[in-house]
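Asks:
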Amino acid sequence: MASDRGRRGAAVRAWLDRMNETWVPPTANDLASPLRFLYWLTRSQGRRIALGAVLGTCWTVGLTVPPWVLSRAVDDGLVARDPSALVGWALLLLAVSVLNALLGIARHRTMTKIRMDASFRSVRATVWHTSRLGASLAKRVSAGEVVTVGIADVYTVAMALTVTGPGVGAVIAYAVVAVVLFTINPLLAAVVLAGVPLLALAVGPFLQRIERTGGEYRVHQGRLTVRLVDVLAGLRVLNGLGGKQFVAERYQDQSQRLVRRGYRVAGPTSWVVALSTGLPALFLAAVVWLSARMAATGAITIGDLVAVYGYVAVLVVPVSFFIEGAVDIARARVAGQRIIDLLNLPVAKRNDGDPTSMGTRPLADPESGVVIRPGALTALVTARPAEAIAVIERLGQVHTDSQAGMEIDEPAREEFRRRLVVADNDAEVFAGTVRDVVAGRIEPDDDRIRTALRVAVAEDIVEALPGGLDATIAAGGSDLSGGQRQRIRLARAVYATPDVLLAVEPTSAVDANTEAAMIDRIREVRRDTTTVITTTSPLVLDRADDVIVLVDGKVSSAGTHADLLRSDPYYRGIVSRAQGDAQ
1 MASDRGRRGA AVRAWLDRMN ETWVPPTAND LASPLRFLYW LTRSQGRRIA
51 LGAVLGTCWT VGLTVPPWVL SRAVDDGLVA RDPSALVGWA LLLLAVSVLN
101 ALLGIARHRT MTKIRMDASF RSVRATVWHT SRLGASLAKR VSAGEVVTVG
151 IADVYTVAMA LTVTGPGVGA VIAYAVVAVV LFTINPLLAA VVLAGVPLLA
201 LAVGPFLQRI ERTGGEYRVH QGRLTVRLVD VLAGLRVLNG LGGKQFVAER
251 YQDQSQRLVR RGYRVAGPTS WVVALSTGLP ALFLAAVVWL SARMAATGAI
301 TIGDLVAVYG YVAVLVVPVS FFIEGAVDIA RARVAGQRII DLLNLPVAKR
351 NDGDPTSMGT RPLADPESGV VIRPGALTAL VTARPAEAIA VIERLGQVHT
401 DSQAGMEIDE PAREEFRRRL VVADNDAEVF AGTVRDVVAG RIEPDDDRIR
451 TALRVAVAED IVEALPGGLD ATIAAGGSDL SGGQRQRIRL ARAVYATPDV
501 LLAVEPTSAV DANTEAAMID RIREVRRDTT TVITTTSPLV LDRADDVIVL
551 VDGKVSSAGT HADLLRSDPY YRGIVSRAQG DAQ
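Mapping to full-length UniProt numbering: the sequence shown position 191 is 191, numbers consecutive.
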């Protein structure tokens, strides 16, 4: 069993590698509407879609062959009392049935690949765009919304691509049955041609209601997911405050509200499902009754009656596909809108620039007046931490409207992100080994990882864990203390060896001895490299090359720690309070 899972995993990875070679991000035109997004998913795997349409057509049309073969067996074998003809037609019926079964298997496998490809392309587009948005994503879209988009919406959109196979086959099979019935009796063909569209129109109002109520349900589902993410993130705090029961009851109440909204969606959906089964059955009964009367009057033969019954019974399959496909598209329009809303979030567009010169040019934030000297360790000091964080985010171009930092164009943005790192205490710690967590997206190198851990004074964390660098860290670093998580985050930032490191309070959760060691090692490893730290710690400020003081978000004074202690009473007050808090 393990070997089977390994082979399946290897096959999936190989398929993903092939998809990566053909993956191209969606354009603005592809994101203009949910239907255009569906068209992008269809166009991205055109050959597979064409194969699915061919197999779906062959399979659906193939379902119409057994009724014709059976009618010949009745007329040429049973009615004519010819055993050899009966056996011949029976063997042909068996062969056709086996061929249809093989076509059905191939069609199903192909459609599964189409849905998987669409899912992975949608997920990759989402990951690609969220990585471009960077840290600004958390300020514009909730984590719960991203989770819902990446799981529920992606699956719903992928399911809609089923219409490209059975849906196309259903249309062609419908036309084939109509033509064949016309050769038997024009009246029967007219009934079929008029009846099937009426069946599809009967479910139209329910589809509109599904789309409307589904949109409302999707909005509240995203909000509830946000609540769940927040609860899980703060579960330890809730336990300490004794508020877990209150939050659980509140979540249960909101969950029940979502269930009631789900009933509003399920109502019309159940009607569509019922009609997709019941209406074709009634239609089948009406056509069979009409054809039986024709057979009784001699207008058609007994074999024709059997064939008509088979043809109309086959039509149940295309009609069901029509209705199911319409439901899938209605739901995909709702889910697709949520996906393109995320993908349409604007990314900062900058003008002429060369990120290769980072670290040798000054960083500037016009809004605050902060100018960072290249190659220096600079500390930002303020009585309001949010002001310093805002400067860091603008320098790191976290916001799309930021005019700070360096001017770079869109093609150079990926290089920019490799050369500049914004490290804050809210950065996510993903589950994995110490090696993978510290290395992040960069290829792991054990020697470099140990050096980064040493700079962050995090060697003791690894030594305390069984397995060393192979030890596993839980999602969010929930099995680590606050100080340990902070040092692991710093080690990850140091391991990236950026030309510019912008760190928010990297030593706030450690003791004085550890803090002194951390800042000394940062100075040592990042000598002549631009490093900006927000802090009020005297230990850090004393070791900084430049100290910039912010008042109301603007530069108030700048200099060394010693100079500012003598000349700036405001700065002296901030440092005194910080020193008092530390004691």
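Using N, Cα and C, we set each Cβ at its ideal position, and we do this for glycine too.
Values in this document were obtained by computation on a predicted structure and should not be read as measured data.
1. Spatial neighbours of threonine 356 within its chain, please: C-beta separation below 7 Å, excluding the five flanking residues on both sides.
2. Classify valine 98: buried if its beta carbon has 16 or more other beta carbons within 10 angstroms, exposed otherwise.
3. Please determine, among Ala281, Leu91, Gly150, the residue with the shortest C-alpha to C-alpha distance to isoleucine 339.
4. Under the assumption that glutamate 387 contacts leucine 541 (Cβ atoms under 8 Å), give the Cβ distance between them as a whole number of angstroms.
5. If you follow the beta strand (DSSP E) that valine 504 is in, where does it begin and where does it stop?
6. State the DSSP-derived secondary structure class of serine 122, mapped to helix, strand or coil.
7. Out of Gly62, Ile548, Gly467, Gly303, which one is the CA nearest neighbour of arginine 373?
8. Hey, would you say leucine 469 sits closer than 8 Å to threonine 433, going by beta carbons?
9. With DSSP as the reference, label alanine 364 as helix, strand or coil.
10. Please specify which runs of the beta strand (DSSP E), each continuous and at least 3 residues long, are wholly inside the stretch 435-510, giving them in chain order.
11. Quick one: residues in its chain with C-beta nearer than 6 Å to the C-beta of valine 510, no 5 flanking neighbours on either side, listed in chain order?
12. If we ignore side chains and look at the alpha-carbon of each, how far apart do valine 421 and leucine 137 end up?
13. Measuring CA to CA, which of Ala558, Ala503, Gly165 is closest to valine 371?
14. When burial is assigned at 16 or more other CB atoms within 10 Å of the CB, is leucine 94 buried or exposed?
15. Should isoleucine 372 be counted as a contact of the ligand MN given a C-beta to heavy atom distance under 7 Å?
16. Tell me which residues share the same chain as glycine 104 and place their Cβ nearer than 6 Å to its Cβ, disregarding the 5 neighbours each side in the sequence.
17. With DSSP as the reference, label alanine 558 as helix, strand or coil.
18. Quick check on glycine 303: buried or exposed, where buried means 16 or more other Cβ atoms within 10 Å of its Cβ?
19. I need the DSSP call for alanine 423, collapsed to helix, strand or coil.
20. Quick one: give me the first and last residue of the alpha helix (DSSP H) that threonine 301 is part of.
21. If the criterion is Cβ atoms closer than 8 Å, does the pair residue 587 and alanine 456 meet it?
22. To which residues of the same chain is isoleucine 449 closer than 7 Å at the C-beta, ignoring the five residues directly before and after it?
23. Taking C-alpha atoms, which residue in Asp446, Tyr570, Leu377 lies nearest to isoleucine 533?
Replies: Let me spell this out:
1. Any reading at threonine 356 must be qualified, since the residue scores a pLDDT of 46, below 50, and its modelled position is unreliable; no value is offered.
2. exposed
3. Gly150
4. That pair is no contact at about 16 Å.
5. 500-504
6. helix
7. Ile548
8. yes
9. strand
10. 500-504
11. Gly483
12. 16 Å
13. Ala558
14. exposed
15. This structure simply doesn't include the ligand MN, nor any ligand for that matter.
16. Trp59
17. strand
18. buried
19. strand
20. Neither: threonine 301 is in no alpha helix (DSSP H) and is coded neither H nor E.
21. Past the boundaries of the shown model lies residue 587; the chain is included only from 1 to 583, so the question cannot be answered.
22. Arg435, Val438, Ala439, Leu469, Tyr495
23. Leu377
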